[in-house]
Amino acid sequence: MSKRATGIVSTALLTVLLAQGLLFALLTTAPGDAVDLMSPSSAARPALEEALGLQGSAGQRLLRHLGNLATGDLGMSVGVAPGRSVGSLIAGPVASSAALGLVALFLTIAAAWLAVVFDGRRVAAVRLVALLPAFLLAHILVGSTNAAVWWGVQADWWSRPAWFALPDVDHSLRDALAIALLAAASGMWAEASDDVSTAWQTFGSAPFVEAARARRESIRGMAIHHMGLATIELAARRVPWLLGSLLVVERVLLIPGAGALTWKAAELRDVPVVLALGLAAATATALATALASGARAAIDPRLGP
Amino acid sequence: MNTLFDTLMEHHAALRPAWRRPGTRLALLWIGGLALGSFAFMGAGLDLDAAAASAGPSSTHPWGTDHLGRDVLARTFAATSAWAGPAVAAVAVALALGLPTGSAAGWSGGLAANVAHAVARATSSVPPLFWVLAASATHGADRAVLAFAVGVTAAPSVAELVVAHLARQRAEGSLDAALAHGLSPWAALIYGTWVGSAARPLAQLATRLVAQVLVIEATLSYVGGGLGLPQPAPSPGNLIAFDWGYPVSWVATAAPILTLAFTLVALDAVANALADAHD
């Protein structure tokens with residue numbers, strides 16, 4: 000492995016480990032623990048503490064936790080599904096959220112490019128709406144759709160559709176709405192289109208582009224290289240935002256993914272599940288950043304091996 | 000040597016073109032009106048009135064009433080206190096933790112600056128709402144926990160910003176020049192960085208943090224589940240969720256939504272004005 004690749008991988012690993020350590024510190028500084036929630040007798044407490052890995056100081060527990068992570072052991076749920084392995088509990092929701100998030104990310108990038116192509120001023124009003132938080136846009140869209148459909152049903156304009164009423168029915172329309180919200184709300188699309196616009200302007204005014212134009216050479220190859228890299232990097236920067244929106248959209252639209260599971264785990268004080276979902280979030284961000292850094296290292300000849 | 004007054008006047012002059020924009024003025028006017036309204040309606044809008052339930056706009060209730068007969072105008076303005084207090088506290092925590100650690104790391108440079116950068120990268124790899132949910136899971140769903148969680152997780156970004164400014168000042172030679180002119184390290188740090196070159200980016204970061212607290216608080220209160228502010232206390236989120244499915248007037252339905260939207264757009268306009276002045 001080259002020196003640069005080693006640096007990218009170690010930075011990603013360090014980011015994930017630090018995020019997990021900080022999350023662990025935040026969760027263990029609170030008074031009480033999972034055993035308190037079970038209200039056991041004093042005789043049963045040591046056995047429960049051992050079973051849940053709660054014995055020892057916070058430092059010892061952190062080291063033990065990181066050691067368990069290295070072997071792929073995420074612990075045992077204490078609230079959402081008591082006694083069940085956290086790994087098996089979160090695998091399905093994380094996979095479905097990842098699929099939802101990836102589709103939304105592609106949509107964000109495509110819409111950001113369209114906004115730049117079709118002149119940013121024309122979409123200024125849409126941009127303003129897209130600054131609104133995900134829960135508010137979801138509330139407005141779901142409320143107005145339900146009201147309009149119900150109005151039409153009462154007026155005998157159409158029969159009650161299979162997906163009515165949102166978000167209670169598990170339907171592909173609900174998933175499509177979730178993807179649209181993830182792609183646009185909370186400034187996701189607005190910031191992405193700003194980034195694409197800035198990258199395009201920077202490219203257009205770069206000296207090497209002006210020189211190529213002066214020599215009447217084609218700049219298509221340069222544009223693909225430059226804007227392709229800029230697009231990968233802006234997609235990587237959007238990942239934490241997307242994860243934040245996933246938390247909200249899945250909860251508000253009742254979609255059973257990692258975001259909805261996070262709320263449930265937080266409400267039930269299920270620390271191992273919260274830690275595992277935090278690990279998944281940090282890994283997703285670190286992976287996206289590492290991919291973007293890898294792409295830059297591969298494309299930009301100035302960086303070397 | 001520049002006095003604090005001179006430094007503030009320089010900022011004022013740099014910000015003047017941005018403040019002159021009608022959009023920025025409107026945004027400041029809206030934020031000021033919201034602050035005044037929240038004081039005027041503090042603790043109001045809690046009285047139930049079954050006779051006035053779901054009423055439309057009138058002289059007694061300009062924005063109508065909710066389905067329990069409570070005044071929507073009073074509750075919408077009173078809801079400002081649900082997020083404004085935690086927002087100010089979050090900014091204070093972020094600055095109180097971020098400024099000294101960032102200054103120490105930036106001053107010594109090298110490994111300390113790299114550690115500050117790594118911690119900032121680690122905290123921003125997880126969404127702020129996740130940190131708040133994690134904190135609420137163990138420390139309880141409380142306004143103070145919300146403020147503390149957002150403040151603590153934003154502190155590394157503050158620190159990273161200070162580190163970057165100190166590194167730039169060192170590279171430009173302005174830090175060494177200030178020290179050579181007899182300025183104490185503290186004076187160079189405070190005048191040169193905190194209220195000097197980093198002041199506008201810090202103010203922009205603080206404005207974004209205020210908007211972030213507003214969004215997180217409203218989201219938690221909208222979703223409910225014991226993690227947000229429960230009724231009858233008003234919050235932007237629970238006001239929007241509360242009348243869901245009830246036949247209240249469209250003004251009463253739209254007022255909390257538009258108030259939240261305008262506030263977010265106003266905060267975004269102020270942050271953009273600070274960014275433009277910085278550029």
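For the protein sequence lines, the chains are A and B, in the order given. Take the first sequence: its letter number 59 is residue 58 in numbering that gives the first Met the number 0, and every next letter is one higher. Take the second sequence: its letter number 101 is residue 100 in numbering that gives the first Met the number 0, and every next letter is one higher. Where is the CB? At the ideal position from N, CA and C, for every residue including glycine.
Beta-bridge pairing of residue i - partner residues as DSSP gives them
i	result
residue 100(B)	Paired residue(s): none; residue 100(B) is not in a bridge.
residue 84(A)	75(A)
residue 137(B)	For residue 137(B), which the question treats as bridged, DSSP gives no partner whatsoever.
residue 64(B)	70(B)
Sequence-distant residues of its chain with Cβ nearer than 8 Å to residue i (five each side left out)
i	result
residue 60(B)	51, 54, 70, 71 and 72
residue 268(B)	22, 23, 25 and 26
residue 86(A)	71, 72, 73 and 275
residue 89(A)	73, 257, 260, 272, 275, 276 and 279
residue 174(A)	99 and 254
residue 132(A)	184, 185 and 247
residue 174(B)	165, 168, 187 and 191
residue 26(A)	270, 273 and 274
Beta-carbon proximity check, residue i vs residue j, cutoff 8 Å
i	j	result
residue 134(B)	residue 18(A)	no
residue 81(B)	residue 229(B)	no
residue 285(A)	residue 156(B)	no
residue 77(A)	residue 271(A)	yes
residue 317(A)	residue 235(A)	No answer is possible for residue 317(A): the residues shown for chain A start at 0 and end at 304.
residue 217(B)	residue 162(B)	no
residue 85(B)	residue 243(A)	no
residue 42(B)	residue 77(B)	yes
residue 262(A)	residue 68(B)	no
residue 30(B)	residue 131(B)	no
residue 266(A)	residue 226(B)	yes
residue 101(B)	residue 178(B)	no
residue 279(B)	residue 46(B)	A query on residue 279(B) cannot be resolved here, the shown segment of chain B reaching from 0 to 278 and no further.
residue 281(A)	residue 8(A)	no
residue 114(A)	residue 192(A)	yes
residue 213(B)	residue 263(B)	yes
residue 257(B)	residue 135(A)	no
residue 75(B)	residue 246(B)	no
Own chain residues within Cβ distance below 7 Å of residue i, not counting five before or after
i	result
residue 294(A)	228 and 231
residue 148(A)	160 and 163
residue 93(B)	150, 153, 154, 157 and 208
residue 142(B)	84 and 85
residue 202(A)	208, 222, 225 and 226
residue 118(B)	155
Other residues of its chain near residue i: CB distance less than 6 Å, five sequence neighbours each side excluded
i	result
residue 54(A)	48
residue 164(A)	145
residue 248(B)	55 and 63
residue 205(B)	90
Environment of residue i [buried if 16+ CB atoms lie within 10 Å]
i	result
residue 269(A)	buried
residue 116(A)	exposed
residue 19(B)	exposed
residue 143(A)	exposed
residue 203(B)	buried
residue 237(B)	buried
residue 180(B)	exposed
residue 266(B)	buried
residue 197(A)	exposed
residue 108(A)	buried
residue 188(A)	buried
residue 240(A)	buried
residue 107(B)	exposed
residue 280(B)	The question about residue 280(B) has no answer, for chain B in this structure spans 0 to 278.
residue 307(A)	Coverage of chain A is limited to positions 0 through 304, which leaves residue 307(A) absent and any answer about it impossible.
residue 109(B)	exposed
residue 250(A)	buried
residue 155(A)	exposed
residue 211(B)	buried
Should the segment 97–109 of chain A be regarded as contacting the segment 178–185 of chain B, the criterion being three or more beta carbon pairs within less than 8 Å?
-> The segment 97–109 of chain A, when compared against the segment 178–185 of chain B, does not touch it at the 8 Å Cβ threshold.
Return the residues of the segment 128–140 of chain A that lie within a Cβ-Cβ distance of less than 9 Å from chain D, sorted by chain order.
-> Within the model displayed, chain D is absent; protein chains A and B are what it includes.
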